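Q:
Chains as they are written, first to last, in my numbering: chain H, 1 to 82; chain D, 1 to 494.
#1: Do residue 136 of chain D and residue 44 of chain D have their CB atoms nearer than 8 angstroms?
#2: Quick one, which of D/23, D/103, D/466 and D/168 has its alpha-carbon nearest residue 245 of chain D's?
#3: Near residue 475 of chain D, what residues of its chain come up, given a Cβ to Cβ distance below 6 angstroms and the 5 sequence neighbours on each side ignored?
#4: Can you have a look at residue 213 of chain D and say buried or exposed, based on whether 16 or more other CB atoms are within 10 angstroms of its CB?
#5: Tell me the DSSP bridge mates of residue 265 of chain D?
#6: Tell me whether the segment 445-454 of chain D and the segment 175-187 of chain D touch, counting them as touching only if at least three CB pairs, one residue from each stretch, are closer than 8 angstroms.
#7: Rank D/159, D/129, D/153 and D/292 by C-alpha distance to the C-alpha of residue 176 of chain D and give the top, closest one.
#8: So for residue 157 of chain D, helix, strand or coil by DSSP?
#9: What residues are listed by DSSP as bridge partners for residue 213 of chain D?
#10: For the segment 269-288 of chain D against the segment 300-307 of chain D, do three or more pairs of beta-carbon atoms, one drawn from each stretch, fall closer than 8 angstroms, so that the two count as touching?
#11: Alpha carbon to alpha carbon, how far is residue 64 of chain D from residue 21 of chain D?
#12: Within its chain, find whatever has a CB closer than 6 angstroms to the CB of residue 319 of chain D; leave out the 5 residues flanking it on each side and keep chain order.
#13: Rank D/82, D/350 and D/41 by C-alpha distance to the C-alpha of residue 151 of chain D and give the top, closest one.
#14: Taking beta-carbon pairs under 7 angstroms, can you tell me which members of the segment 29-59 of chain H lie near chain D?
#15: Between the beta-carbon of residue 173 of chain D and the beta-carbon of residue 242 of chain D, is there less than 8 angstroms?
#16: So which of D/70, D/491 and D/362 has the shortest CA-CA distance to residue 138 of chain D?
#17: Quick check: residue 444 of chain D and residue 472 of chain D, are their CB atoms within less than 8 angstroms of each other?
#18: Which bits of chain H does residue 336 of chain D rub up against, with CB to CB less than 9 angstroms?
#19: Please report the residue range of the alpha helix (DSSP H) in which residue 31 of chain D lies.
#20: So, under 8 angstroms CB-CB, residue 134 of chain D and residue 157 of chain D are touching, yes? Tell me the CB distance rounded to an integer number of Å.
#21: In three-state DSSP terms, what is residue 82 of chain H?
#22: Give me, in chain order, the residues of the same chain whose beta-carbon lies closer than 8 angstroms to that of residue 67 of chain D; leave out the 5 immediate sequence neighbours on both sides.
#23: Check each residue of the segment 4-23 of chain H: if its Cβ is closer than 8 angstroms to any Cβ of chain D, include it; give the result in chain order.
#24: Go to residue 18 of chain H, then tell me how far its alpha helix (DSSP H) extends in each direction, as first and last residue.
#25: Three or more C-beta pairs under 8 angstroms: does that hold for the segment 65-81 of chain H against the segment 342-357 of chain D?
#26: Give every residue of the same chain whose Cβ lies closer than 8 angstroms to the Cβ of residue 82 of chain H, excluding the five residues on either side of it in the sequence, and list them in chain order.
#27: Give me the Cβ distance between residue 360 of chain D and residue 7 of chain H, rounded to the nearest whole Å; I'm assuming they're in contact under 8 angstroms.
#28: Which runs of the alpha helix (DSSP H) fall wholly inside the segment 38-68 of chain H and span at least 4 residues, in chain order?
#29: For residue 417 of chain D, which option in D/194, D/146, D/3 and D/11 has the closest C-alpha, if you only look at C-alpha atoms?
#30: Rounded to whole angstroms, how far is the Cβ of residue 227 of chain D from the Cβ of residue 10 of chain D, which I believe are closer than 8 angstroms?
#31: Any beta-carbon of chain H closer than 8 angstroms to the one on residue 460 of chain D?
#32: Please work out which residues of its chain come closer than 6 angstroms, Cβ to Cβ, to residue 95 of chain D, disregarding the five sequence neighbours upstream and downstream, and give them in chain order.
#33: Whose CA, out of D/29, D/202 and D/14, lies closest to the CA of residue 84 of chain D?
#34: Considering only the alpha carbon of each residue, which of D/310, D/131, D/457 and D/163 lies closest to residue 30 of chain D?
#35: Distance cutoff 8 angstroms, beta carbons only. Does residue 271 of chain D sit that close to anything in chain H?
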């Protein structure tokens, strides 16, 4: 993600303030505490492996910024010298 | 102002079902209201006039053919723009999705339509649901129907303003750190964040996946409960959706409306009041607690010592998850693409697109999140925040040993002025002080109006253990029955 010089000037100070505020989590003695990544712990949620229709190709390609030959067209992915 | 727009959702559904009014008349009355006042309120990003009238006609046709109508059939609803709607523009308040027409429906959209609810359009929000004022929307802020110079809350500020301003009796919001409850509080309506996993997240544009949860707004507790039962329930498309029956929230709202709370233990959270809270908010809150006692509740004080760390923990966890979730906006399959001149590489195009497409708050959070997850900082920031999250869950567990529900103000302040806090992210984040603990613990919480301070609404937050959403509705309905309904001054939108 590119950031403009102007944004960089604004963000630098703000990010400092935010980071020092959130660093307060370090005040809590939690060495022996297990982490919580999810409020409702669920593991290995399975569902039947059924064949179901996918979205029509034209509907999906209609959302794309660039299309060529029924496919997503993307900018070059290799450098010139490659 | 048509009489039809002043009705509750429950009353509207009853009149439509009995044939006293048609769903088309109801939809038209609300579309007229939107045409008259939304220039001032700016609650909607997109109004779907044709779709709404068509959906209303279908309800009337069902009734005419003798079909049994659902409990909210023919009732208009405003949908937050973070919820994907087939064939209707969906931007999540961001420029990067401008012009996107989704090819599928979110589970919520589908359930709303299947219930015969008439979707009027999509509501404004902070970009990707990051904010507390709707001022982070790429499409400009929404105003508060109580005072057009004030914020309507956020991130679901378009949805709260639409309901408070009588543009719709119902709306859908999403709540990651308070984005349903705080807007409900500052606009004087009811808003509920369900238990995490109670409502499917399929088709919700993800911000922070372990926290995001959609829920209902209404002008009454019963209306919110009726909508809750439409949207909640297990969904195979969301693997975090809970495979359990929906809590009986409508029955709880009706039971609560009888006004008897004897035997209910209400815990006042010591850490969610005092310094930093507006005096008027605290006064309304204290009066609300006294009212609950009058209704028969047994009031106790509980302590949740780690709640003060909810804010720093949240502002590490949510940005971390967002920095990962928003990586999907890569300009390849949908959304904006900038700088594709045949010379720039894929990576350069992605970088330029994201610079142009994301607003400042989204960028700040992506930067913070990337930093908190980076090697060398992970343990001190993200890892430590997750441990704090465990301690907050434990605080709740201990508190719910002593009380059936916990109460606090919903927000430390009433609605502040548009533009007042935009340059100070921390001043904005502090809005979420009271709502963050329930978000981190995944527990349900409702905000119900509890009076005015300086002429602006104050919200009472009622929190319950996971899956006990019905307790929130029961206590809120009892409180509502014992207090005057708040209606914004008519001259604001006259």
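For glycine and all other residues, C-beta sits at the position ideal for the given N, C-alpha and C.
Keep in mind the model is a prediction, meaning the values are calculated, not measured.
A: Looking at the coordinates:
#1: no
#2: D/466
#3: 405 and 462
#4: buried
#5: D/298
#6: Counting Cβ pairs under 8 angstroms, three or more are found: they touch.
#7: D/129
#8: helix
#9: D/175
#10: yes
#11: 12 angstroms
#12: 365, 368 and 369
#13: Taking only the C-alpha atoms, the option nearest residue 151 of chain D is D/41.
#14: 30, 33, 34, 35, 36, 37, 38, 39, 40, 42, 45, 47, 55 and 59
#15: no
#16: D/362
#17: yes
#18: 65
#19: Start and end: 23-41.
#20: 3 angstroms
#21: For residue 82 of chain H, the predicted structure reports a pLDDT of 47, less than 50, and the residue's modelled location is therefore unreliable. A value from the coordinates is still provided. In the structure shown, residue 82 of chain H sits in coil (DSSP, three-state: anything other than H, G, I, E or B).
#22: Setting aside the 5 residues that flank it on each side, residue 67 of chain D has no residue in the same chain whose C-beta is closer than 8 angstroms to its C-beta.
#23: 4, 7, 10, 11, 14, 15, 17, 18, 19, 21, 22 and 23
#24: 5-22
#25: yes
#26: Reliability fails at residue 82 of chain H, whose pLDDT of 47 lies under 50, so the model's placement of it is uncertain and no value is given.
#27: Rounded, the Cβ-Cβ distance is 7 angstroms, consistent with contact.
#28: 57-61
#29: D/146
#30: About 10 angstroms; that fails the 8 angstroms criterion.
#31: Interface annotation, residue 460 of chain D: not in contact with chain H, CB-CB separation never under 8 angstroms.
#32: 138 and 357
#33: D/202
#34: D/163
#35: no
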